[in-house]
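Participant:
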Amino acid sequence: MTAPPQQQPTRPAIVTVDDDPGVSRAVARDLRRRYGERYRIVRADSGADALDALREMKLRGELVAVILADYRMPQMSGIEFLEQAMDLYPTTRRVLLTAYADTGAAIDAINIVDLDHYLLKPWDPPEEKLYPVVDALLDAWQASDHRPVPETKVVGHRWSARSSEIREFLARNQVPYRWYLCDEPEGERLLAAAGADDRRLPLVITPDGETLIEPSDTELASHVGLATRPSADFYDLVVIGGGPAGLGAAVYGASEGLRTVLVERTATGGQAGQSSRIDNYLGFPDGVSGAQLTDRARRQALRFGAELITTREVVGVAPCGSARTVTFSDGTTLDAHTVILATGVSYRQLAAPGCEDLSGRGVFYGSALTEAANCAGRDVYIVGGANSAGQAALYLARQARSVTLVVRGKSLDESMSYYLTQQIAAIDNITVRTCTEVVSARGTEHLEELTLRDNVSGVTEIVPTKWLFVFIGAVPHTDWLEGVITRDAKGFVLAGPDLTVEGRPAGWTLDRPPYHLETNVPGVFVAGDARAESAKRVASAVGEGAMAVMLVHRYLERL
Ligand SMILES: Cc1cc2nc3c(=O)[nH]c(=O)nc-3n(C[C@H](O)[C@H](O)[C@H](O)COP(=O)(O)OP(=O)(O)OC[C@H]3O[C@@H](n4cnc5c(N)ncnc54)[C@H](O)[C@@H]3O)c2cc1C
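Numbering (numbering that gives the first Met the number 0), first residue to last: 0 to 558.
#1: Please indicate yes or no: does the CB of A271 lie closer than 6 Å to some heavy atom of ligand 1?
#2: Could you give the residue range of the beta strand (DSSP E) that holds W178?
#3: Quick one: residues in its chain with C-beta nearer than 8 Å to the C-beta of L236, no 5 flanking neighbours on either side, listed in chain order?
#4: Would you call L292 buried or exposed, if buried means 16 or more other Cβ atoms sit within 10 Å of its Cβ?
#5: Return yes when the Cβ of I239 is within less than 7 Å of the Cβ of T331, no when it is not.
#6: For a test of the three-state rule: what should DSSP assign to H515, helix, strand or coil?
#7: Would you identify the three-state DSSP class for A319, choosing helix, strand or coil?
#8: Please state the DSSP three-state secondary structure of S533.
#9: Who are the near neighbours of F283 in its chain, counting only those whose CB is closer than 8 Å to its CB and skipping five residues on each side?
#10: Take the Cβ of E126 as the centre, count every other Cβ of all protein chains shown within 10 Å, and call the residue buried at 16 or more, exposed below.
#11: So what does DSSP say about Q5, is it helix, strand or coil?
#12: Cα separation between E556 and G542?
#13: Determine, using beta carbons only, whether E150 and P184 come nearer to each other than 7 Å.
#14: Comparing alpha-carbon positions, which option in L189, Q141, R228, T227 lies nearest T210?
#15: What's the gap between the Cα of E61 and the Cα of G208?
#16: Can T265 be considered in contact with ligand 1, in the sense that its beta carbon sits closer than 6 Å to one or more heavy atoms?
#17: What residues match up with L498 in a beta bridge as DSSP calls it?
#18: I need the boundaries of the beta strand (DSSP E) containing S401, first residue and last residue.
#19: Is DSSP giving F470 helix, strand or coil here?
#20: Is N279 a contact residue of ligand 1, with contact defined as CB to any heavy atom under 6 Å?
#21: Have a look at G359 and R54 and give me their C-alpha separation to the nearest angstrom.
#22: Which residue from A49, R228, R553 puts its Cα closest to that of A192?
#23: Taking C-alpha atoms, which residue in W507, D107, I66, N110 lies nearest to L136?
#24: In chain order, which continuous runs of the beta strand (DSSP E) of length 3 or greater are located wholly inside the region 15-80?
#25: Hey, would you say the C-beta of R347 is under 6 Å away from at least one heavy atom of ligand 1?
#26: Could you pull the start and end residues of the beta strand (DSSP E) that A335 belongs to?
#27: Which residues in the same chain as T1 place their Cβ atom closer than 6 Å to its Cβ, once the five residues preceding and following it in sequence are excluded?
#28: Would you list the residues sitting across from Y130 in a DSSP beta bridge?
#29: How about V344: is its Cβ closer than 6 Å to a heavy atom in ligand 1?
#30: Let me know the secondary structure DSSP gives L395 once reduced to three states.
#31: Starting from the Cα of G522, find the closest Cα among F468, Y514, Y346 and give me that residue.
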């Protein structure tokens, strides 16, 4: 069988299958002579081999314009083969080849596989007997839309939390993908091509045609071209966390000549990467989506030579002589002269019964972006009264039928910026329900309804909805620093002047006080939202990342 899929993958294929090698070669030769420049000619000697080739092409997102199959083949007849080929490529044009007129076969073929043409062998001269037939079929095939899908494909259940996480992961890492429901025809075809079924999903198919069933984030990252392992054992600077503070530190660190690696447990971008629109970041008078901003920062860091490692969680940091050792969740370690902690915060979960079970299946935290398209024409609920909830409401209101903002407080004015409350008030399909709480969520496969309680009257109401987005604040992601790095009562990392309120930090032996963003461990700095008393803004996180690098230089000069 000749199926060179890597040669020119963008050319659609013409597939021919015949068990007689001589005939098979002749068909392929005639086809290549006339169509070889525009089409890839794929030849197989049996139905089984041809099906293997088609499955592979399907997974790679390649197009097949025409299939010519011999009628009489020993293991699998041409009709049986075409029947299975149709499951993979339903719009491909189909031709049956036979050595003599066989009316029964022709009728079968037309009934079973909706045959386009029945061609008698030999077809000499091909200019008269073969090419006119194939020309007409190619014209017909081209008349409909057959855009190739060379990007990553995800096949999953509509309401699966893991499918949602995988799509979110790919989106946040700027990996283009296409989403297929497992019970839709193309999803079924991809499952068939991968030899998978709907019991173990999601299925991810990489642009190279590799199939991953229920992949972990790390597995997925390594197959879609994201770095998951540092290339060296020792760096000048390890940045932990890939939000604005970490990306800022990576850009400034690498651009100023430090051997810099950034380690991120999921995808770069942090909270900012999930913000639909950032209006207050310097230099973007018309606003910018968080994904765009952080993608630019990511590319900028890479351009300056920083290494960006994703899907690796750091679980420990400790001094080890003059080095600082960072430990990953798999037990491996990495050493550096200095560390910047930029681990930000994570979303507080809604405690109402039912929410935990339905998380990712109608109940979403923080990010509304990936799911926004699914909310078109729907009634959407948002919990929270701060800016992030307000931004999400504005974003979702563009597509949703209605957006209800559920707020515990008496008004939005105390918790949300004036410019947002003004915009919300001006949009007809946004309703604000103050003094209200979500007290439970219910649904079997997916969220179906919420119970809301008016905290003044005590009256409860059940509202049908499939979408709840929760923005109720965040807690610092710093538990893993316990016993090593000093934190305040809420877990935020203390640094510089905040550490020295009552004299030098315990165990501090240097003859200088800690630098401004330096923690109680010399050479370990903190930047962004994870720092106590930080501003919780993109600009300040980026600024602190840059400033921490300046202090790293100062630290290294005195090492
Ligand atoms: C929806 C939303 C909208 C917002 N809108 C605005 C706005 O319009 N304007 C504005 O100024 N601010 C806005 N903010 C706030 C702003 O996004 C944050 O202040 C900023 O992202 C903080 O950056 P950071 O790098 O400190 O932390 P984060 O952005 O929280 O990033 C921390 C990163 O560290 C990673 N991490 C955590 N622990 C570990 C670990 N142990 N190992 C490896 N990696 C780890 C996390 O996965 C995360 O990617 C918004 C926030 C949200 C949620």
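Built from N, CA and C at the ideal position, the CB exists for glycine as well.
Facilitator: The short version:
#1: Looking up residue 271 in the sequence shown gives position 272. Look at A271: its beta carbon is less than 6 Å from one of the heavy atoms in ligand 1.
#2: Along the sequence shown, read from residue 1 onward, the residue named residue 178 stands at position 179. Segment 176-180, the beta strand (DSSP E) holding W178.
#3: Translated into the one-based positions of the sequence shown, residue 236 becomes position 237. A248, G252, L257, R258, T259, V260, A335, H336, T337, V338, I339, V548, V551, listed in sequence order.
#4: Position 293 of the sequence shown, counting from 1, holds the residue named residue 292. With 16 or more other Cβ atoms within 10 Å, it is buried.
#5: Within the sequence shown, the letter at position 332 stands for residue 331. Within the sequence shown, the letter at position 240 stands for residue 239. In this structure, T331 sits away from I239, with a CB-CB distance that is not shorter than 7 Å.
#6: As a working note, residue 515 is residue 516 in the sequence shown. When secondary structure is reduced to three states using DSSP, H515 falls in the coil class, being assigned neither helix nor strand.
#7: For the purposes of this step, residue 319 is taken as the residue at position 320 of the sequence shown. Checking the sequence shown, residue 319 turns out to be Cys, not Ala. In this structure, C319 counts as strand in the three-state DSSP scheme.
#8: Your numbering for residue 533 matches position 534 in the sequence shown. Correct three-state label for S533: coil.
#9: By one-based count along the sequence shown, residue 283 stands at place 284. The residues are I277, L292.
#10: Working through the sequence shown from its first residue, we reach residue 126 at position 127. The residue in question, E126, is exposed, as its Cβ has fewer than 16 Cβ neighbours within 10 Å.
#11: Along the sequence shown, one-based indexing puts residue 5 at 6. With a pLDDT of only 42 at Q5, under the threshold of 50, the placement of this residue in the model should not be trusted; the figure read from the coordinates follows. Looking at Q5 - three-state DSSP - the assignment turns out to be coil, as it is neither helix nor strand.
#12: Taking the first residue of the sequence shown as position 1, residue 556 is located at position 557. Taking the first residue of the sequence shown as position 1, residue 542 is located at position 543. Approximately 22 Å, taken between the alpha carbons.
#13: In the sequence shown, the residue the question calls residue 150 occupies position 151. In the sequence shown, the residue the question calls residue 184 occupies position 185. No, these two residues do not count as a Cβ contact at 7 Å.
#14: Position 211 of the sequence shown holds residue 210. Ranking L189, Q141, R228, T227 by Cα distance to T210 puts L189 first.
#15: Residue numbering aside, residue 61 sits at position 62 when the sequence shown is read from its first letter. Residue numbering aside, residue 208 sits at position 209 when the sequence shown is read from its first letter. Each residue's CA atom was taken as its position, placing E61 and G208 some 10 Å apart.
#16: Within the sequence shown, residue 265 is the residue found at index 266, counting from 1. Closer than 6 Å to some heavy atom of ligand 1: that describes the Cβ of T265.
#17: Here residue 498 is taken as the residue at index 499 of the sequence shown, counted from 1. DSSP links L498 through a beta bridge to no other residue.
#18: For the purposes of this step, residue 401 is taken as the residue at position 402 of the sequence shown. S401 -> beta strand (DSSP E) spans 401-405.
#19: By 1-based counting over the sequence shown, the position of residue 470 is 471. Of the three classes helix, strand and coil, the one that applies to F470 here is coil, per DSSP.
#20: What you label residue 279 is simply residue 280 of the sequence shown in a count that begins at 1. Under cutoff, so the answer is yes.
#21: Taking the sequence shown and counting its residues from 1, one reaches residue 359 at position 360. Taking the sequence shown and counting its residues from 1, one reaches residue 54 at position 55. Per the coordinates, the alpha-carbon of G359 lies some 32 Å from the alpha-carbon of R54.
#22: The residue you call residue 192 lines up with position 193 of the sequence shown. For A192, the closest of A49, R228, R553 by C-alpha to C-alpha distance is A49.
#23: The sequence position of residue 136 within the sequence shown is 137, counting from 1. That would be I66, whose Cα lies nearest to the Cα of L136.
#24: 39-43, 63-69
#25: For the purposes of this step, residue 347 is taken as residue 348 along the sequence shown, with counting starting at 1. Not so, every heavy atom of ligand 1 lies at least 6 Å from the Cβ.
#26: By 1-based counting over the sequence shown, the position of residue 335 is 336. Start and end: 332-340.
#27: Residue mapping note: residue 1 aligns to position 2 of the sequence shown, counting from 1. Below a pLDDT of 50, predicted positions are generally treated as unreliable, and T1, at 41, falls in that range; no measurement from the model is reported.
#28: Along the sequence shown, read from residue 1 onward, the residue named residue 130 stands at position 131. DSSP output for Y130 lists no bridge partner at all.
#29: Here the question's residue 344 lines up with position 345 in the sequence shown. Correct: V344 has its Cβ closer than 6 Å to ligand 1.
#30: The count along the sequence shown starts at 1 and reaches residue 395 at position 396. L395: helix per DSSP, three-state reduction.
#31: What you label residue 522 is simply residue 523 of the sequence shown in a count that begins at 1. Comparing Cα-Cα distances from G522 to each of F468, Y514, Y346, the minimum goes to Y514.
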